[in-house]
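Chemist: Residue 172 in my numbering is what sits at position 181 of the sequence shown, and the numbering runs on without skipping anything.
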Amino acid sequence: MDHSFIFLKFIKTRLPKNRRLLMLNNYTYSQHFDLRLGVRYRCTQEKLKCKASVIYDENTGTLVKVNDNHNHEPPEYFCDKAVLMVKGRNGKDLLMLDGYTYYQHKLLRDGYRWSCTQMGSRSCRGFLHVTNDMLVVRAKTEHTHSPASYFLENIKKTRKNKEVSNPFSAMKITSVQGNMGG
C-alpha cells in the first residue's frame, strides 16, 4: 500500500467577496460557484486556460469530483505539509503531522478518522479524516498539548543476509522525549 498523503488545504486570501483558495497536490483553485453537489473550484491559472477543477462538499468535507489535468506545473508558492506514516512503539501504524501523532480511530463511509494519540489522557480533539485514496480532506490540528519529541528511524529490511534501509519505507518511533506540557 502506498502511504503517501495529499493534504487538502483552504487558504484565506484577500480575494473579492471573501473567496477562498483551495490547495490540492500543490495546485491552487479559486472558489468559482455553488452547485447542488458542493462548491466548484477552478484552477487559478485562468490565463493559461487551464481546465482543472474540483467540486468540494462543505457539508461532508469530501471531494465529490476532481479534474486535476493541469496544462502547467504547480505554482511556486505551494504549502508543504508532510503527513508521515510511522510505526508506534507497539508496532501499530500511526500518522504524524507537525510532531503530533494520530491513531486509526474509526471507520468512516469514505475512509478513516485518525484521532490524536493524546485523546484519552489529555482530552485532545485533534483528528485527521483520511479517505481510502489516502487524501487528508478534513483536519482539526489544534491540540490541548504540545507535540512530543520523537526520534524516528528507518525500518530496515533484511535481504539475503544484508540489512537494507529504504528511505521510502515506514518510519518507526524508537523513543519519545518529555515535552508533553501544554
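Each residue gets a CB set at the ideal place from its N, CA and C atoms; glycine is no exception.
Because the structure is a prediction, the values reported are computed rather than measured.
On the DSSP bridge list, what partners appear for residue 122?
Modeler: 102
Chemist: My output table needs one value for residue 71: the three-state DSSP class, helix, strand or coil.
Modeler: For residue 71, the predicted model reports a pLDDT of 47, less than 50, meaning its position is unreliable and no value from the coordinates is stated.
Chemist: Buried or exposed, going by whether 16 or more other CB atoms sit within 10 Å of the CB of residue 120?
Modeler: buried
Chemist: Among the residues of its own chain, which have a CB less than 6 Å from the CB of residue 174, if the five just before and after it don't count?
Modeler: Nothing can be reported for residue 174: it is not among the residues displayed for the chain, which extend from -8 to 173.
Chemist: Buried or exposed: which applies to residue 114, given that a residue is buried once 16 or more other Cβ atoms fall within 10 Å of its Cβ?
Modeler: Classification for residue 114: exposed.
Chemist: How is residue 13 classed by DSSP in three states: helix, strand or coil?
Modeler: Residue 13 falls in the strand class under three-state DSSP.
Chemist: Excluding the five sequence neighbours on either side, which residues of its own chain have a C-beta within less than 7 Å of the C-beta of residue 57, listed in chain order?
Modeler: 45
Chemist: If you compare alpha carbons, which of 117, 136, 122 is closest to residue 130?
Modeler: 117
Chemist: Name the two residues that bound the continuous alpha helix (DSSP H) containing residue 80.
Modeler: From DSSP, residue 80 is part of no alpha helix (DSSP H); its letter is neither H nor E.
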